[in-house]
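*Asks:*
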Amino acid sequence: MSDNDEIVLRQWREDEIEAGLRFLTDQFLGTWHDESVGLEQLVFESERFIVMADGDDIVGTAGAYSREVTVPGGAGVPVAAVTGVGVSPTHRRRGLLRRMMTHQLHDVHDRGREPLAALWAAESVIYGRFGYGMAIRRSLVKAAVRDIPLRADLRPEPAGRFRRLDPADAVADMAAVYEQARGTRVGFLDRPGNWWKVKIWDPEWERGGASPFRVAVWSVGKRPQAYALYRVKDDETRVGPEGILRIEELIGVSAAAELAMWDFMTSLDLVRHVEMTNAPLDFPVMHAVTDARRVSIGTGDTIWVRLVDLDRALTARTYSAPVDVVLDVTDPVCPWNVGSWRLRAEAGKPATCERTDAAADLSLSVGELGAAYLGGTSLATLAAAGRVVEQRPGALREASIAFLEPNPPFCNDFF
Ligand SMILES: CC(C)(COP(=O)(O)OP(=O)(O)OC[C@H]1O[C@@H](n2cnc3c(N)ncnc32)[C@H](O)[C@@H]1OP(=O)(O)O)[C@@H](O)C(=O)NCCC(=O)NCCS
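In this text, residue positions in the sequence shown follow numbering that gives the first Met the number 0: the first is 0, and each later residue adds one.
(1) Which value, in whole angstroms, describes the spacing of the CA atoms of Thr289 and Asp152?
(2) Which word fits Lys348, buried or exposed, when buried means at least 16 other C-beta atoms lie within 10 angstroms of its C-beta?
(3) In chain order, what residues of the same chain lie with their CB nearer than 7 Å to the CB of Trp195, ignoring the 5 residues before and after it?
(4) Heavy atom of ligand 1 less than 7 Å from the Cβ of Leu96, yes or no?
(5) Considering Cα atoms alone, identify which of Ser45, Phe43, Val84 and Ala18 is closest to His32.
(6) Excluding the 5 residues flanking Arg206 on each side, which residues of the same chain have their C-beta closer than 7 Å to its C-beta?
(7) Could you say which of Leu378, Val322 and Leu309 lies nearest to Arg354 if we only look at CA atoms?
(8) Does any C-beta atom of chain C lie closer than 8 Å to the C-beta of Leu164?
(9) Using a Cβ-based criterion (distance less than 7 Å to any ligand heavy atom), does Leu378 qualify as near ligand 1?
(10) Quick one: residues in its chain with C-beta nearer than 7 Å to the C-beta of Glu67, no 5 flanking neighbours on either side, listed in chain order?
(11) Just curious, the alpha helix (DSSP H) that Gly366 is in, first and last residue?
(12) Does the beta-carbon distance from Arg293 to Ala142 come in below 8 Å?
(13) Please go through the same chain and pick out, in chain order, the residues whose beta-carbon is closer than 8 Å to the beta-carbon of His108, but skip the five residues on each side of it.
(14) Can you tell which of Ile400, Glu39, Leu381 and Val365 has the C-alpha that lies nearest to the C-alpha of Trp200?
(15) Measuring from the CB of Val78, is there a heavy atom of ligand 1 at a distance below 7 Å?
(16) With DSSP as the reference, label Gly251 as helix, strand or coil.
(17) Tell me, to the nearest whole angstrom, how far the beta carbon of Leu280 is from that of Arg136; I am working on the premise that it is less than 8 Å.
(18) For the beta strand (DSSP E) containing Lys198, name the first residue and the last one.
(19) Determine the direct distance from the alpha carbon of Met133 to that of Tyr126, and round the result to whole angstroms.
(20) Please tell me whether Ala52 and Ile16 are closer than 8 Å, where the distance is taken between their beta carbons.
(21) Which residues does DSSP pair with Ser362 in a beta bridge?
(22) Would you please state the rounded distance, in angstroms, between the beta carbons of Trp11 and Ser35? I believe it to be under 8 Å.
(23) Determine, using beta carbons only, whether Ala278 and Ser138 come nearer to each other than 8 Å.
(24) Does the distance between the C-beta of Val7 and the nearest non-hydrogen atom of ligand 1 fall short of 7 Å?
(25) Starting from Phe161 and walking both ways along the beta strand (DSSP E), at which residues does that stretch end?
(26) Report the CB separation of Tyr318 from Ala359 in whole angstroms; it is logged as a contact under 8 Å.
(27) At which residues does the beta strand (DSSP E) containing Ile49 begin and terminate?
(28) Between which two residues does the beta strand (DSSP E) containing Asp56 stretch?
(29) Short check: CB of Glu404 to CB of Gly375, under 8 Å?
(30) Go to Thr351, then tell me how far its beta strand (DSSP E) extends in each direction, as first and last residue.
(31) If we ignore side chains and look at the alpha-carbon of each, how far apart do Arg47 and Ala312 end up?
(32) For Glu203, count neighbouring C-beta atoms within 10 Å of its own C-beta (all shown protein chains included) and say buried if the count is 16 or more, exposed if not.
(33) Specify, as a first and last residue, the run of the alpha helix (DSSP H) that Glu274 falls within.
(34) Tell me the DSSP bridge mates of Ser339?
(35) Is Leu228 helix, strand or coil by DSSP?
(36) Starting from Ile16, trace the alpha helix (DSSP H) both ways and give me its first and last residue.
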């Protein structure tokens, strides 16, 4: 076996997309499908994808897409959307991931475009050590639709019309709704270029035995108000009906529009069960139905956030309440973040974040700031877990309230 210093970190070339994807398919216990190459070609950014090469063999991969994420206050902030991370079982636990993660974070810093990185973690033990914090959590929803009618006083009576479309014909309407929603939904990613094609990519092996994607759009006049991207699964009992509705994405320009679409979808004939594997953590529908306990909700994490340039990240968002705290920050990978920073802001106004010699109010690592950044994880909760230490009485409450958002962040883009 080669020494570590013979393993070279280099660019993942365009002509190696297939080799790299085949390698990753193995690491993720998947089954190879040729069509995956065409999908990746739509969004591949070779200048920011890397491999670890042992001679001619690829033994590690990592990459990043250039996206934007909506942060508290509504700005779309550039984010390195980290993807394609894997190391061969033959080379594991020898520091290859550490080399790639360190290289990548330094590269993002040097490029200067993105103050943040974000990823979906295959395992929650992996990325904390590189300064990522669990920032977005999801609900996994299951219910029998007949058990959860909306409360009569909340039931929308929408004007306008519902249409059923094939996904490719619905992209313009979906994008119009999504773009309107994105500005107010913390955690949403932009979908430039080919990202809508990725969203509606629908090979048979991804369907879990259900139908191809379908789309329902609700419009008033010419203006689309809400859509649902979904699958249905036929009743297999034949004594039913017991049809299953799997909602991949349900988005409206307002809360009322989303409820109207929910009501429409859950009253489809023959459908008796609804499932959503990625719904917002606070899942507002649960509070609109007659019997909330009939909605079964599990939770899990989705997006982990990493502040690459702490000061640029913390000033890109706004805060829910006035805040003036000195943060004493450690960072295991990015030395430029280490030290004391004074964060000051009025509620909803631009913030400043500057180096200071003043005494620390809170001691924490960059990972806690990543977890709290999108307003979904309370610094007070992290303090209760022993991960944030309050040095000035009152500072924890002040900072916790300032960082939190009224609704938890949500992201419906897998990358
Ligand atoms: C996860 C994975 C990329 C780790 O690669 P690796 O090269 O073995 O990681 P490293 O040797 O650089 O490990 C760095 C540190 O993380 C730890 N670590 C890495 N992966 C870990 C895991 N899955 N579970 C527990 N600890 C892990 C190592 O023990 C090491 O700890 P240390 O810094 O305290 O010594 C690799 O095991 C893999 O490809 N797994 C399958 C695919 C996957 O999960 N990819 C991640 C996608 S988000």
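By construction, the Cβ of each residue, glycine as well, lies at the ideal position given by its N, Cα and C atoms.
*Replies:* In brief:
(1) Counting from one through the sequence shown, the residue named residue 289 turns up at place 290. Counting from one through the sequence shown, the residue named residue 152 turns up at place 153. The alpha-carbon atoms of Thr289 and Asp152 are separated by roughly 10 Å.
(2) As a position in the sequence shown, residue 348 is number 349, starting the count at 1. With fewer than 16 other Cβ atoms within 10 Å, it is exposed.
(3) Numbered from its first residue, the sequence shown carries residue 195 at position 196. Beyond the five residues adjoining it in sequence on each side, Trp195 comes within less than 7 Å, by CB distance, of Val170 and Ala174 in the same chain, given in chain order.
(4) For the purposes of this step, residue 96 is identified with residue 97 of the sequence shown, where counting begins at 1. Within the cutoff, so yes.
(5) The sequence position of residue 32 within the sequence shown is 33, counting from 1. It is Ala18 whose Cα lies nearest to the Cα of His32.
(6) Against the sequence shown, residue 206 aligns to sequence position 207. Within the same chain, Arg206 has close Cβ partners Arg230.
(7) For this step, residue 354 is matched to residue 355 along the sequence shown. Checked all of Leu378, Val322 and Leu309; the closest Cα to Arg354 is Leu309.
(8) Checking the listed chains, one finds no chain C in this structure; it contains a single protein chain.
(9) Reading the sequence shown from its first residue, position 379 is the one you call residue 378. No; taking the cut-off as 7 Å, the Cβ of Leu378 has no heavy atom of ligand 1 nearer than that.
(10) As a working note, residue 67 is residue 68 in the sequence shown. Its chain contains Gly75, Val76, Pro77, Val78, Leu188 and Asp189 as the residues whose beta carbon lies nearer than 7 Å to that of Glu67, once the 5 sequence neighbours on both sides are disregarded; these appear in chain order.
(11) As a working note, residue 366 is residue 367 in the sequence shown. For Gly366, the uninterrupted alpha helix (DSSP H) run begins and ends at Val365 to Tyr372, by DSSP.
(12) Counting from one through the sequence shown, the residue named residue 293 turns up at place 294. Counting from one through the sequence shown, the residue named residue 142 turns up at place 143. Contact: yes.
(13) Here residue 108 corresponds to residue number 109 of the sequence shown, with the count starting at 1. Cβ neighbours of His108 beyond the five flanking positions: Val307, Asp308, Cys333 and Trp335.
(14) Looking up residue 200 in the sequence shown gives position 201. Cα-wise, what sits closest to Trp200 is Glu39.
(15) By one-based count along the sequence shown, residue 78 stands at place 79. Every heavy atom of ligand 1 is 7 Å or more from the Cβ of Val78, so no.
(16) Counting from one through the sequence shown, the residue named residue 251 turns up at place 252. Note: Gly251 maps to strand in three-state DSSP.
(17) As a working note, residue 280 is residue 281 in the sequence shown. As a working note, residue 136 is residue 137 in the sequence shown. The pair is a contact, with the Cβ atoms about 5 Å apart (cut-off 8 Å).
(18) On the sequence shown, position 199 is the one that residue 198 refers to. No beta strand (DSSP E) contains Lys198, which is instead part of the alpha helix (DSSP H) from Trp194 to Ile199.
(19) Looking up residue 126 in the sequence shown gives position 127. Looking up residue 133 in the sequence shown gives position 134. Distance between the alpha carbons of Tyr126 and Met133: 9 Å.
(20) Working through the sequence shown from its first residue, we reach residue 52 at position 53. Working through the sequence shown from its first residue, we reach residue 16 at position 17. In this structure, Ala52 keeps its C-beta atom at 8 Å or more from the C-beta atom of Ile16.
(21) The residue you call residue 362 lines up with position 363 of the sequence shown. Asp327 and Val388, per the DSSP bridge assignment.
(22) Numbered from its first residue, the sequence shown carries residue 11 at position 12. Numbered from its first residue, the sequence shown carries residue 35 at position 36. Between Trp11 and Ser35 the beta-carbon gap is near 15 Å, outside 8 Å, which marks them as no contact.
(23) The residue labelled residue 278 in the question sits at position 279 within the sequence shown. The residue labelled residue 138 in the question sits at position 139 within the sequence shown. Yes; because the gap between Cβ atoms is below 8 Å, this pair is in contact.
(24) What you label residue 7 is simply residue 8 of the sequence shown in a count that begins at 1. No, Cβ of Val7 sits at least 7 Å from all heavy atoms of ligand 1.
(25) Residue 161 sits at position 162 when you count from the first residue of the sequence shown. First-last of the beta strand (DSSP E) with Phe161: Arg160 to Leu164.
(26) As a position in the sequence shown, residue 318 is number 319, starting the count at 1. As a position in the sequence shown, residue 359 is number 360, starting the count at 1. Taking C-beta atoms under 8 Å as the contact rule, Tyr318 and Ala359 fail to qualify, at a distance of about 19 Å.
(27) By one-based count along the sequence shown, residue 49 stands at place 50. Here the beta strand (DSSP E) through Ile49 covers Ile49 to Asp53.
(28) What you label residue 56 is simply residue 57 of the sequence shown in a count that begins at 1. Asp56 to Thr69 is the extent of the beta strand (DSSP E) around Asp56.
(29) Residue numbering aside, residue 404 sits at position 405 when the sequence shown is read from its first letter. Residue numbering aside, residue 375 sits at position 376 when the sequence shown is read from its first letter. Result yes, Cβ atoms of Glu404 and Gly375 sit closer than 8 Å.
(30) Locating residue 351 in the sequence shown gives position 352, counting from the first residue. That run of the beta strand (DSSP E) goes Thr351 to Arg354.
(31) For the purposes of this step, residue 47 is identified with residue 48 of the sequence shown, where counting begins at 1. For the purposes of this step, residue 312 is identified with residue 313 of the sequence shown, where counting begins at 1. Within the model, the alpha-carbon separation for Arg47 versus Ala312 is close to 21 Å.
(32) Walking along the sequence shown from the start, residue 203 turns up at place 204. Result: exposed.
(33) Residue mapping note: residue 274 aligns to position 275 of the sequence shown, counting from 1. Unbroken run through Glu274 is the beta strand (DSSP E), Val270 to Pro279; no alpha helix (DSSP H).
(34) The residue given as residue 339 occupies position 340 in the sequence shown. Answer is Asp327.
(35) Locating residue 228 in the sequence shown gives position 229, counting from the first residue. Here Leu228 sits in strand by DSSP.
(36) In the sequence shown, the residue the question calls residue 16 occupies position 17. Where Ile16 is concerned, the enclosing alpha helix (DSSP H) stretches over Ile16 to Gln26.
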